[in-house]
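*Asks:* Okay, here's the structure, questions in a sec.
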Amino acid sequence: MTVHNAEIAEMFDRMAILLEIQGANPFRVRAYRNAARTLGGLPRSVSDMLCEGEDLSKLPDIGKDLAGKIADIVETGQFAALRDVEREVPAGLVELTRLPGLGATRVRVLYEELGVSDIGGLRRAAKSQRIRELRGFGAKTEQRILDALSRRAQEERRYKLADVEPIANSYVRYLEAIPGVKEVIVAGSYRRRKETVGDLDILVTCEKGSPVMETFVEYDEVDAVVSKGTTRSTVLLRSGLQVDLRVVAQVSYGAALYYFTGSKAHNIAVRTIAVKKKLKINEYGVFKGKRRVAGATETEVFKAVGLHYIEPELREDRGEIEAARKNRLPHLVSVGDVRGDLHVHTTATDGRHSLKRMAEAAKELGYEYLAITDHSKRVVVAHGMDEKRLRKQLAAIDRLNEELRGVRVLKGVEVDILESGKLDLSDSILEQLDLTVCAIHTGLGLSRERQTERIIRAMDNPHFTILAHPTGRLINQRAACDVDMERVMQAALERGCYLELNAQPDRLDLDDAHCRMAKDMGLKLAISTDAHTADNLSYMRFGVDQARRGWLEPEDVLNTRSWRKLQKLLVRL
DNA sequence: GCCGTTTTCGGCCCGACTGTTTTCAGTCG
Numbered sequence: 146m147t148v149h150n151a152e153i154a155e156m157f158d159r160m161a162i163l164l165e166i167q168g169a170n171p172f173r174v175r176a177y178r179n180a181a182r183t184l185g186g187l188p189r190s191v192s193d194m195l196c197e198g199e200d201l202s203k204l205p206d207i208g209k210d211l212a213g214k215i216a217d218i219v220e221t222g223q224f225a226a227l228r229d230v231e232r233e234v235p236a237g238l239v240e241l242t243r244l245p246g247l248g249a250t251r252v253r254v255l256y257e258e259l260g261v262s263d264i265g266g267l268r269r270a271a272k273s274q275r276i277r278e279l280r281g282f283g284a285k286t287e288q289r290i291l292d293a294l295s296r297r298a299q300e301e302r303r304y305k306l307a308d309v310e311p312i313a314n315s316y317v318r319y320l321e322a323i324p325g326v327k328e329v330i331v332a333g334s335y336r337r338r339k340e341t342v343g344d345l346d347i348l349v350t351c352e353k354g355s356p357v358m359e360t361f362v363e364y365d366e367v368d369a370v371v372s373k374g375t376t377r378s379t380v381l382l383r384s385g386l387q388v389d390l391r392v393v394a395q396v397s398y399g400a401a402l403y404y405f406t407g408s409k410a411h412n413i414a415v416r417t418i419a420v421k422k423k424l425k426i427n428e429y430g431v432f433k434g435k436r437r438v439a440g441a442t443e444t445e446v447f448k449a450v451g452l453h454y455i456e457p458e459l460r461e462d463r464g465e466i467e468a469a470r471k472n473r474l475p476h477l478v479s480v481g482d483v484r485g486d487l488h489v490h491t492t493a494t495d496g497r498h499s500l501k502r503m504a505e506a507a508k509e510l511g512y513e514y515l516a517i518t519d520h521s522k523r524v525v526v527a528h529g530m531d532e533k534r535l536r537k538q539l540a541a542i543d544r545l546n547e548e549l550r551g552v553r554v555l556k557g558v559e560v561d562i563l564e565s566g567k568l569d570l571s572d573s574i575l576e577q578l579d580l581t582v583c584a585i586h587t588g589l590g591l592s593r594e595r596q597t598e599r600i601i602r603a604m605d606n607p608h609f610t611i612l613a614h615p616t617g618r619l620i621n622q623r624a625a626c627d628v629d630m631e632r633v634m635q636a637a638l639e640r641g642c643y644l645e646l647n648a649q650p651d652r653l654d655l656d657d658a659h660c661r662m663a664k665d666m667g668l669k670l671a672i673s674t675d676a677h678t679a680d681n682l683s684y685m686r687f688g689v690d691q692a693r694r695g696w697l698e699p700e701d702v703l704n705t706r707s708w709r710k711l712q713k714l715l716v717r718l
């Protein structure tokens, strides 16, 4: 049985919390958290790495000890040290620390003084008003705990970037209209363009005396005010989304923007560099003693610690700091580099708009080409096409290309990869196409070995061009199917095939770590919207965001090329 | 428990807000 990185990361996180409750050395606690984070962002499975004899202690924040523990977990499926700790501290306490306002220290007091060991016990203790009696607690804390318990279900959520965007935009417009407000910008993971965000961090600069804080908490969608101060306030919206507002002076704008953009891990790493240079970084600036040496712009802040400017999407402490020091940062792809879309649907299957309308929408975006890739017959629910209907569509594309100017419509299909690894349409029709987008829609639950074999067998077909939405995941809904992505990418490289970064906000599949892995292996990706309406073509920006998080440059992306150059790349090896 | 262009030992990011206290600990980002 393969142990997944995420499972080991989860064990380390639990370990960190339990150790913290026990009152262990906080740096030891942090070491587990850091290691969990490293594992979470790793594109390759540590099981595979161990199989290939790699030394895990070379990974950041993983030393000899944790490398050994990981090896044990992979081998036995068990984390012995965690089980030892769980014998001393109830495992249910982990859940309690996830409630806002409760950290390890308070959870320990609740356990030791009141015997609270799980959510149910906490609720009983709060309802019987025993918590307010404890030293360091009070009636308000007790009420906050009850509120948190009743709200718990919705609070764990992370929101898809695309869902949060309109909420963020209207809040920003509201804040911009407040007298005295100068700049309003959303920082945090939203600015880093993470696929999901847990909350919004809004940064504001304003003139003295601006009623920005009062007005902020009076916003129409605010459900509750969590905290309110002169420089920082937090509210909960009716949607459940938490929004933080920070107010800083103009002279600190860059430092504050940098600070609140994060990620936390990136900030900590850069601060550590600053400390070595006898500098201090906080949200007000970079300081040498009491003297501010930088802070008005982010570039200034980076420069002060000897780094080139790092794009927000890269700030995850995944090597960007080292790259910035050596001036080896990637020149990230942007939406303007994209010359076409290689995966869209029409009314021929489950799309809502006609072939012609889709082509015109592509032309309006300034695209040079657009590949029509409707479903194949296997996908019955989407009214998938057989050879006969596809042939008819190809003729329609020929006619449209004669009439259209400025954009070329490419002939394609989203052909199903059957469980046998065969493609869902005959070679005789596939060979008439400019490209194929090949996808799995059934049998997502196959074992890792069989799924990997299935995809690679499909790639053996010389008409296979691009593997669409490679893991099949749906964010917050469906886990990625189990597949050895490194082998799949290697197989694609050897055959002259490609993988897709599907830009649908629900998919964003490949994820950032896999994009990075493709780049490191030298495999090019297509960023495609999988548009089912003309409007959906604008999803490209989410795909580009994800690509940037994966360090992709224009040359790493197939569809930044002119059709003439792209055509050459689509020829199989 | 990790890590090293000051270190293989002795460090390990920094500040705001809240509630409970009466000068601060805990939590959070």
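In the numbering used here, the protein residues as written are 146 to 718. For each residue, glycine too, the CB sits at the ideal point set by N, CA and C.
Within 10 Å of its beta-carbon, does residue 714 have 16 or more other beta-carbons around it, so buried, or fewer, so exposed?
*Replies:* Looking at its Cβ environment, which holds fewer than 16 other Cβ atoms inside 10 Å, residue 714 is exposed.
*Asks:* In terms of residue numbering, what span does the alpha helix (DSSP H) encompassing residue 310 cover?
*Replies:* Here the alpha helix (DSSP H) through residue 310 covers 306-321.
*Asks:* Which of helix, strand or coil does DSSP assign to residue 676?
*Replies:* Of the three classes helix, strand and coil, the one that applies to residue 676 here is strand, per DSSP.
*Asks:* Count the other C-beta atoms from every protein chain shown that fall within 10 angstroms of the C-beta of residue 666, then say buried if there are 16 or more, exposed otherwise.
*Replies:* Exposed.
*Asks:* With H, G and I counted as helix, E and B as strand and the rest as coil, what does DSSP make of residue 671?
*Replies:* It is a strand residue.
*Asks:* What's the gap between the Cα of residue 476 and the Cα of residue 670?
*Replies:* The alpha-carbon atoms of residue 476 and residue 670 are separated by roughly 16 Å.
*Asks:* Below 8 Å, how does it come out for the region 540-553 and the region 523-532: are there three or more Cβ pairs, yes or no?
*Replies:* In short, these stretches do not touch, since the Cβ pair count stays below three.
*Asks:* Pairing CB atoms from the region 429-436 with CB atoms from the region 408-417, are three or more of them under 8 Å?
*Replies:* Flag = no, the region 429-436 and the region 408-417 do not touch.
*Asks:* Roughly how many angstroms lie between the CA atoms of residue 365 and residue 383, to the nearest whole one?
*Replies:* Going from the Cα of residue 365 to the Cα of residue 383 covers about 9 Å.
*Asks:* In this structure, what does DSSP give as the bridge partners for residue 516?
*Replies:* 555.
*Asks:* Quick check on the DSSP output: what are the complete alpha helix (DSSP H) runs of length 4 or more inside the region 251-290, in order along the chain?
*Replies:* Within the region 251-290, the complete alpha helix (DSSP H) runs of at least 4 residues are 264-272.
*Asks:* Closest by CA to residue 513, which one among 348, 486, 443?
*Replies:* Answer by Cα proximity: 486.
*Asks:* Of all the options 206, 164, 177, 479, which has the alpha carbon lying nearest to the alpha carbon of residue 232?
*Replies:* Per the Cα distances, 164.
*Asks:* Taking residue 661 as the reference, give the member of 708, 464, 673 with the closest Cα.
*Replies:* Among 708, 464, 673, the Cα nearest to that of residue 661 is on 464.
*Asks:* For my contact list, residue 452 and residue 469 are in at a C-beta cut-off of 8 Å; report their separation, rounded to the angstrom.
*Replies:* So it is a contact: roughly 4 Å between Cβ atoms.
*Asks:* Does DSSP put residue 651 in a helix, a strand or coil?
*Replies:* Three-state DSSP puts residue 651 in coil, outside helix and strand.
*Asks:* If you draw a straight line from the alpha carbon of residue 360 to that of residue 314, how long is it in whole angstroms?
*Replies:* For residue 360 and residue 314, the distance between alpha carbons rounds to 16 Å.
*Asks:* Measure how close the beta-carbons of residue 658 and residue 187 come, nearest whole angstrom, since I'm counting them as under 8 Å.
*Replies:* Rounded, the Cβ-Cβ distance is 7 Å, consistent with contact.
*Asks:* List, from N- to C-terminal side, the beta strand (DSSP E) runs of 3 residues or more that fit wholly inside the region 582-619.
*Replies:* Listed in chain order, they are 582-584.
*Asks:* Under 8 Å: do the region 188-200 and the region 212-226 share three or more Cβ pairs, one atom per stretch?
*Replies:* With the cut-off at 8 Å, the region 188-200 and the region 212-226 touch.
*Asks:* According to DSSP, which residues form a beta bridge with residue 439?
*Replies:* DSSP output for residue 439 lists 431 as bridge partner(s).
*Asks:* In chain order, what residues of the same chain lie with their CB nearer than 8 Å to the CB of residue 279, ignoring the 5 residues before and after it?
*Replies:* Taken in chain order, the residues that qualify are 254, 255, 258, 259.
*Asks:* Would residue 457 be called buried (16 or more neighbouring beta carbons within 10 Å of its own) or exposed?
*Replies:* So residue 457 ends up on the buried side.
*Asks:* Taking the continuous alpha helix (DSSP H) assigned at residue 241, which residues delimit it?
*Replies:* Its alpha helix (DSSP H) spans residues 238-242.
*Asks:* Following the continuous alpha helix (DSSP H) through residue 192, name the residue where it begins and the one where it ends.
*Replies:* Residues 191-196.
*Asks:* Suppose contacts are defined by Cβ-Cβ distances below 8 Å. Is residue 166 in contact with residue 252 by that definition?
*Replies:* Yes, the Cβ-Cβ distance between residue 166 and residue 252 is below 8 Å.
*Asks:* Is it the case that the region 648-656 contacts the region 610-618, given that we only count it when at least three CB pairs across the two stretches are under 8 Å?
*Replies:* Touching, yes, given that three or more Cβ pairs across the two stretches are closer than 8 Å.
*Asks:* Is it right to say residue 356 is buried, meaning 16 or more other beta carbons lie within 10 angstroms of its own, or is it exposed?
*Replies:* The residue in question, residue 356, is exposed, as its Cβ has fewer than 16 Cβ neighbours within 10 Å.
*Asks:* Could you tell me whether the region 639-648 touches the region 620-628, using the rule of 3 or more Cβ pairs below 8 Å?
*Replies:* Cβ pair count under 8 Å is below three, so no.
*Asks:* Check whether the region 560-567 and the region 594-610 touch, using three or more Cβ-Cβ pairs below 8 Å as the test.
*Replies:* Output reads yes: the region 594-610 touches the region 560-567.
*Asks:* Find out if the Cβ-Cβ distance for the pair residue 711, residue 718 is shorter than 8 Å.
*Replies:* Going by C-beta atoms, residue 711 is not nearer than 8 Å to residue 718.
*Asks:* May I ask which residues mark the beginning and end of the beta strand (DSSP E) holding residue 351?
*Replies:* First-last of the beta strand (DSSP E) with residue 351: 344-351.
*Asks:* How big is the Cα-Cα spacing for residue 716 and residue 328?
*Replies:* Their backbone Cα atoms lie some 50 Å apart in a straight line.
*Asks:* I'd like to check one pair, residue 496 with residue 488: are the Cβ atoms closer than 8 Å?
*Replies:* Not in contact: residue 488 and residue 496 (Cβ atoms no closer than 8 Å).
*Asks:* DSSP on residue 125, reduced to helix/strand/coil?
*Replies:* Nothing about residue 125 can be read from this structure; the chain reaches only from 146 to 718.
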